[in-house]
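K.L.:
Taking UniProt numbering, the leading residue of the sequence shown gets 1, the next gets one more, and so forth.
Beta carbons are placed, not taken as given, at the ideal position from N, Cα and C, and that holds for glycine.
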Amino acid sequence: MMPRRSYYVPFESVNESLKEISRDNQKSFKSLNGTWKFKYFNSLGNINIDNLLNNKNENFDLIKVPSVWQMQGYDNHQYTNVKYPIGFNPPFVPSNNPCGFYIRDFEIENFSKDKDYHLNFEGVDSCFYIWLNGKFIGYSQISHSISEFDITKEVLEGKNTIAVLVLKWCDGTYFEDQDKFRMSGIFRDVYILERSKSRIVDYKIDTDINLENKIGFLNFKVTDKVNNPNITYSLLNPKGEVIQSGIINNDYVTLKIEDVELWNPEEPLLYTLLIKTEDEVIKEKVGMRVISVEDSVLKLNGVNVKLRGVNHHDSHPLNGYVMTEEDLLLDLRLMKQYNFNSIRTAHYPKSPIFYEMCDEYGFLVISEADIETHGVVELYGLGYLENYNMIANDPIYEKVIEDRIEASIIPYKNRPCIFMWSVGNESGFGCNFEKGLIRARELDNTRLLHYEGAFYADKNRENDFSNIDVISRMYPSIDEIKEYFNKGIDKPFILCEYAHAMGNGPGGLKEYDELIQDHKEFAGVYVWEWCDHAIDMGKSKDGKTMYGYGGDFGEISHDGNFCVDGLVYPNRVPHTGLLEYQNINRPIRLIEVDEVNKKVKLKNTMDFKDIGNFLKVKYKLFSDGNVISDKELLIDTLKSKEEKWYSLDLPEIPNTIVTILFEYIVKADFLLYKEGLKLGHDQIVWSNNVKSLKSFESITEVKSCEEVFIVNESAEEINIVNGDFNYIYDRNTALFKLIENKKCRFIEDSMKFKVWRAPTDNDRKIKFQWIEAGFNNLESRVYKTTIENKESSITITSHLSLIPIYREKVLDIVIKWIILPNGLIKSEIDAVKNVNSPFLPRFGVEIKLDKSYENLSYFGLGPYENYQDKHYASYLGRFNSSVSKIHEDYIRPQENGSRSLCKEVEIYNENSSIYVASQDDFSFNVSHFSTEELTNKKHNFELVEDDATYLIIDYKQSGIGSNSCGPELDHKYRLNEKSMKFNFYLKFEER
1 MMPRRSYYVP FESVNESLKE ISRDNQKSFK SLNGTWKFKY FNSLGNINID NLLNNKNENF
61 DLIKVPSVWQ MQGYDNHQYT NVKYPIGFNP PFVPSNNPCG FYIRDFEIEN FSKDKDYHLN
121 FEGVDSCFYI WLNGKFIGYS QISHSISEFD ITKEVLEGKN TIAVLVLKWC DGTYFEDQDK
181 FRMSGIFRDV YILERSKSRI VDYKIDTDIN LENKIGFLNF KVTDKVNNPN ITYSLLNPKG
241 EVIQSGIINN DYVTLKIEDV ELWNPEEPLL YTLLIKTEDE VIKEKVGMRV ISVEDSVLKL
301 NGVNVKLRGV NHHDSHPLNG YVMTEEDLLL DLRLMKQYNF NSIRTAHYPK SPIFYEMCDE
361 YGFLVISEAD IETHGVVELY GLGYLENYNM IANDPIYEKV IEDRIEASII PYKNRPCIFM
421 WSVGNESGFG CNFEKGLIRA RELDNTRLLH YEGAFYADKN RENDFSNIDV ISRMYPSIDE
481 IKEYFNKGID KPFILCEYAH AMGNGPGGLK EYDELIQDHK EFAGVYVWEW CDHAIDMGKS
541 KDGKTMYGYG GDFGEISHDG NFCVDGLVYP NRVPHTGLLE YQNINRPIRL IEVDEVNKKV
601 KLKNTMDFKD IGNFLKVKYK LFSDGNVISD KELLIDTLKS KEEKWYSLDL PEIPNTIVTI
661 LFEYIVKADF LLYKEGLKLG HDQIVWSNNV KSLKSFESIT EVKSCEEVFI VNESAEEINI
721 VNGDFNYIYD RNTALFKLIE NKKCRFIEDS MKFKVWRAPT DNDRKIKFQW IEAGFNNLES
781 RVYKTTIENK ESSITITSHL SLIPIYREKV LDIVIKWIIL PNGLIKSEID AVKNVNSPFL
841 PRFGVEIKLD KSYENLSYFG LGPYENYQDK HYASYLGRFN SSVSKIHEDY IRPQENGSRS
901 LCKEVEIYNE NSSIYVASQD DFSFNVSHFS TEELTNKKHN FELVEDDATY LIIDYKQSGI
961 GSNSCGPELD HKYRLNEKSM KFNFYLKFEE R
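(1) Over the uninterrupted alpha helix (DSSP H) stretch that includes F828, give me the two end residues.
(2) Nearest to D559 by CA position, among G375, K826, S798, S792, is which residue?
(3) Which residues in the same chain have their Cβ closer than 6 Å to the Cβ of N432, if we skip the five residues on either side of it in sequence?
(4) Can you tell me where the beta strand (DSSP E) holding D150 begins and where it ends?
(5) So, using beta-carbon positions, are E372 and C965 closer together than 9 Å?
(6) Could you give the distance in angstroms between the alpha-carbon of N110 and the alpha-carbon of F121?
(7) For S884, which of helix, strand or coil comes out of DSSP?
(8) Which word fits F924, buried or exposed, when buried means at least 16 other C-beta atoms lie within 10 angstroms of its C-beta?
(9) State buried or exposed for F340, treating a residue as buried only when at least 16 other CB atoms are found within 10 Å of its CB.
(10) Can you tell me the Cα-Cα spacing of W645 and N597, whole angstroms?
(11) Could you give the C-beta distance for I886 and G897, rounded to a whole number, given that I count them as a contact under 8 Å?
(12) Using C-beta distances below 7 Å, list every residue in its chain close to I409, excluding the 5 sequence neighbours before and after it, in chain order.
(13) Going by the CB atoms, is the gap between F363 and M323 shorter than 9 Å?
(14) Which same chain residues, not among the five before or five after F522, have their C-beta less than 7 Å away from its C-beta?
(15) Would you check if the distance between the CB atom of A873 and the CB atom of N585 is smaller than 9 Å?
(16) At the level of alpha carbons, what is the spacing between N504 and D490?
(17) Given a cut-off of 9 Å, decide if D812 and N834 are closer than it, judged by their beta-carbon atoms.
(18) Between which two residues does the beta strand (DSSP E) harbouring F121 extend?
(19) Pull up the distance between the alpha-carbon of P85 and that of D394, whole angstroms please.
(20) By how many angstroms is the C-alpha of I829 removed from the C-alpha of R781?
(21) Quick one: is P651 buried, meaning 16 or more other Cβ sit within 10 Å of its Cβ, or exposed?
(22) What does a CB cutoff of less than 8 Å around S28 pick up in its chain, not counting 5 residues either side in sequence?
(23) How big is the Cα-Cα spacing for S962 and L621?
(24) Per DSSP, what kind of secondary structure is W770 in: helix, strand or coil?
(25) Could you give the residue range of the alpha helix (DSSP H) that holds R195?
(26) What does the Cβ neighbour count give for S798, buried or exposed, with the cut at 16 atoms within 10 Å?
(27) Please state the DSSP three-state secondary structure of G860.
(28) Any idea if H312 is buried or exposed, counting beta-carbon neighbours within 10 angstroms, 16 or more meaning buried?
(29) If you run the structure through DSSP and keep just helix, strand and coil, what is residue 1006?
(30) Are D331 and C531 touching if we call contact CB-CB under 9 Å?
(31) Check the C-beta distance from W36 over to Y102 and give it rounded, since I have them as a contact under 8 Å.
(32) Is the beta carbon of K870 closer than 9 Å to that of G959?
(33) Please report the straight-line C-alpha distance between S145 and F455, rounded to a whole angstrom.
(34) For the region 536-556 against the region 472-486, are there 3 or more C-beta pairs whose distance is under 8 Å?
(35) For K603, which residues in the same chain have their Cβ closer than 6 Å to its Cβ, ignoring the five residues on either side in sequence?
(36) Within 10 angstroms of its Cβ, does A163 collect 16 or more other Cβ (buried), or is it exposed?
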């Protein structure tokens, strides 16, 4: 293999370099992507390589390159997180090592003996051997690295035959234990470069800025060349105008740029540097920017930047590791539109195209080395975290780690988007990383160095952290972060992973954002992670995509659905967690209200960009959930971090629930933004008089009724008749089991008290305490029921408790049902929780309705699902939807679809409506799936709708959090109140 160099594809001429063409269309570039012949073997021992090379036309399948062979029908899928996929026996791997043999013919157009030819592989898992025209060329490993081979002596004019043998496992597998599906094959581009005999091989570009005088310095240095070519240069400004040109003597030049235009993620302005020899032109897009740390504050171009980041794996539901340029562009577009400005390449370098796109579209990148040895913590009998450093601190592995760090830095050292190198992930700490960090600093001293694994260093060892430039943590609690800042820190603080976005989640984002805004040393955070990793297994009988995760492919060892942990589904449809993140990180924020003078103060939270020429602000006035005024604020200029007061043009404010919604909308197409795109919102509650809501008044209005209540009692039930209405009250549950009139049967099954919720992925730990406490199997024990019969109402009062089979009671409840004329019912619930029980998932009442109750209207937080700690994507208003649409179809079924801070909800069919209303805030769920169905099924395509609609009226639910991997749910979001009072009205009407 040739020595590593900066990534570039040389152009034939200046004219070619100035065309906006893909590298596939460059004359020096010969793609070998496409259809190859292929043979899969269960074991390396089954291969006779000479036979394969000599009988290339017989008994071969066809396979697409790039691809991973598990996605092409060979081998088995396996997802594992921490555990190694093979036995721990370094450097050995299993004897039955699956492998794939690839072979194809190719020709090089305009072949010339005066040229050199270099073969490039940009990604092969896990290692590979190459033959050209029957001759062995070389070997390489490190899956996510560029491997380049000089084939000049072997390549022929006319037909050539290339053969590649790829092994599933190698000794590098012990260093590539990332949380992902384990896949194999040639998964990135393969190509040949035609090079001049006299050429530049490698070079380094550095930039420095005199910020006070707006002068930029571009330093270009040739670090390797062949046959001493003459070198000239031209520099073009971001408008494409040549501003400097000249000769490069002694392989070095410094270009001084007056009134320099700076690169940043919000306005990624790029200069173009053309480096010319007699036969080649190398084109580099240069971002003039400077990265610094001052007083423990991370700065870009002298500005205290805030990193709004996400971890990004290469993952596609049909193609696995293979990410096309179109796939990457879709991800970057979504990230930009949902207010991300930074990406961590978890946990390996990306393809070169990715970095060029980040340069162009504006993302700050932490580029990570392909190193993870997390599996050592699972070794039997040695102690979990005590094992963490066994590879990191064993000198036998020093060169391996250094080699992988070099492979991650050298090719991409000229990319302006990269502001920090990460030397690996979850591999402990020790002498090997100390030396690896020194090597990283030697390779590039202009960027910061990151390594979160230092947190697990042996406290009894004298560790050298001097080359780590940031304090990096994963998933700390809010209290832990506060403790860091209370003690004082000497480096910028980041969370390289936080807010584990698994299933229904993440919750609690606002508290982290508040700390980021409050502490200038808190540089930013990276959500784990971007997309759900799941395999598209085809369509179910009802046409739903069946996504598979760990355990769905017959694996002996796997980690279940822990890979389904993204902000977007595998097909890139956003989760509600992504919407939550977007609004938490909105670029404008309403920070103060002056109700007397009808003014609001807005702050531009972007780091560089003036909002005035980017966004417009619309504000809508709502009364009773309906828009009564729609205006726009005139914002000529609002510079970065600037705050300004703006006057509102408001009509007379009615005496109801009045809110104002401020929406921040893109003015015109820019980068990956589209005109009209909403980037966030704020809402203020101007007045909150629920009693004056016309809809509330109509629901709770008590009309006179000449009918007399007729009450019939038995040991089991109470039957109440009033006019058209008939009620049957179950003495054993203290709830109704029938409500009907002469035309409609509204409720035909017993109501239930509800404490259990289908556990979310973020409940995966606490759910075992909930089950142990019996929350999933509570029984009612009614002690006493009394009836008070008045002329205008019937009041039924019951004292009961909810008790698991073998535990003490969880809740002690007094419930009062007041039946009013014309069918209106008022419920008053007073509950006391057992202080020894865990916090409750929820507390509410479930009403089972006929499935025809499909339509839905509510006044509360919407339009998206929301919970105590996950509601910032929503706003208070009146929304129309349906039971089917409100269901959030997570890949693993779980609690979903709740709407909180509600005042009223109507659920209806063609013939009748059921209303719930309260002066207090309440939450509700509606679903055609029972809680039990959502609890027990492992995949959404296995769900079976009941012939029913379940309406759950909740006092509250506990929050969502991110405890699937992150900290425990914050106490303030736990439903752990000793006493709970819950009042609501029920009304049943014909339509």
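P.N.:
So, to answer that:
(1) For the sequence presented, residue 828 should be read as Glu rather than Phe. Segment 825-833 is the beta strand (DSSP E) holding E828; no alpha helix (DSSP H) there.
(2) G375
(3) A392, Y397, E398, I401
(4) 147-150
(5) no
(6) 22 Å
(7) helix
(8) buried
(9) buried
(10) 11 Å
(11) 5 Å
(12) W421, A440, L443, D444
(13) no
(14) F493, L515, I516
(15) no
(16) 36 Å
(17) yes
(18) 115-121
(19) 22 Å
(20) 16 Å
(21) exposed
(22) V9, P10, F11, E12, L193, E194, R195, E280
(23) 34 Å
(24) helix
(25) First-last for R195: 190-196, but that is the beta strand (DSSP E), not the alpha helix (DSSP H).
(26) buried
(27) strand
(28) buried
(29) No information on residue 1006 is available, as it lies outside the stretch 1 to 991 that the chain covers here.
(30) yes
(31) 5 Å
(32) yes
(33) 27 Å
(34) no
(35) R589, I591, E643
(36) buried
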